[in-house]
Every structure is written in structure tokens, then in C-alpha cells.
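Add 10 to a position in the sequence shown, counting from 1, and you land on the number used in the numbering used here.
Here a beta-carbon is modelled for each residue, glycine too, at the ideal position from N, C-alpha and C.
Worksheet: one structure, shown below.
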Amino acid sequence: MAMKETPDKEHLEQLLRSSRLVAGGFLGDDTRGVDEIVEADTGAVFSLGRTTVEIAERMRVVSEQARRGLGTWVRIDATHRAMMQEARGELVCPWPHPGYFHKAVTTVQRTDTGETVEFSDLNIHMVEAHGFFEGRGSRFRIEPERLIRVLF
Ligand SMILES: [Zn+2]
């Protein structure tokens with residue numbers, strides 16, 4: 011997915027590195043710029059035959075089902091289960107975008123391999139709208155390969 015050019019890229023970069031929106035920032039200890047991170051990750055997604063929109067849709071479906079479990083495991087299908095933990099408060103998109111995202115974290119598990127992956131509601135939005143999976147070392151960095159392997 012092509013990212014729209016942001017008029018104030020430097021400001022975005024600073025905000026992503028700071029702890030103003032999330033503890034530890036969105037880039038972790040990744041030394042790459044945000045464009046480079048997005049390019050590498052969307053490239054990985056493409057090479058695995060997926061799209062960021064398709065991935066975000068699947069993340070959303072899984073998290074909506076998980077929400078009904080109120081903190082307990084919910085069976086999604088024959089090989090997946092998921093659980094959502096909600097916290098007080100909201101997160102905003104750093105790009106920025108209007109709207110707030112609940113502080114909810116979904117854990118998905120493939121029941122055949124036991125492998126799990128977790129993501130927040132904000133992750134879903136950032137994958138979908140910005141092709142952004144966060145920087146290496148950040149709390150909610152998601153490796154696209156792992157996400158695709160666990161999710162589908
Ligand atoms: Zn956004």
C-alpha cells in the first residue's frame with residue numbers, strides 16, 4: 011500500500027519515536043525511518059501474497075469475535091482461538107487521524123501449532139491505513155510473516 015505523503019514528516023517521525031502517545035514509542039530501537047519500515051513490511055506482505063487491507067480485515071473480524079468473550083478465549087474457527095483484554099483509555103493515531111481507538115489487545119492463537127500473536131485496535135488501523143507494523147523493539151511490533159502465519 012502506498013503511503014500518502016505527509017507534509018510534516020519530521021514531526022511524525024519525532025512523534026513516533028517519543029513516548030507521548032505510547033510508552034516506549036512506536037519505533038522501539040529501530041534505527042530505520044518510518045518510510046523504510048513501511049516499505050520493508052508491505053514488501054514482505056506482498057511477497058507472501060497478501061495485502062495490508064486483507065490482513066486488517068481479518069484482524070478486525072478476529073478481534074470483534076474475541077471481544078464477546080469478555081477476557082476469555084473464544085473459538086474463532088477449527089484452528090484459531092482469540093482473547094481480548096480491554097483497558098481503560100484510548101489511543102490516537104500518530105499520523106494523525108481523527109478518532110480514538112480503545113485500549114484493547116487481542117491475542118490470537120493457532121490451536122494446531124500453539125503459536126500466538128497479539129495486536130491492539132490501533133495496530134489494526136495502522137496496518138490498514140498506513141501499512142505500519144511498528145518498529146523493531148517496540149511493544150506492539152508485529153512481524154508481518156508471523157502475523158500472516160498465525161492469522162490465516
Ligand atoms: Zn491513522
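Return yes when at least one heavy atom of ligand 1 lies under 7 Å from the C-beta of H140, else no.
yes
Could you name the residues of the same chain whose beta carbon sits closer than 8 Å to that of A54, not counting the 5 residues immediately before and after it, in chain order?
P154 and E155
Are E23 and V48 closer than 8 Å when you measure CB to CB?
no
Which value, in whole angstroms, describes the spacing of the CA atoms of F142 and V71?
19 Å
Curious, which full-length alpha helix (DSSP H) runs of at least 4 residues does the segment 33 to 62 contain?
44 to 57
In three-state terms, what does DSSP make of E67?
helix
Report the partner residues of L101 according to the DSSP bridge assignment.
F111
Is it true that the CB of E125 sits closer than 8 Å to the CB of R159?
yes
Can you tell me where the alpha helix (DSSP H) with E153 in it begins and where it stops?
Careful: E153 lies outside any alpha helix (DSSP H) and carries neither H nor E.
Going by the CB atoms, is the gap between I152 and V127 shorter than 8 Å?
yes
What's the call for A50, buried or exposed, on a 16-neighbour Cβ count within 10 Å?
exposed
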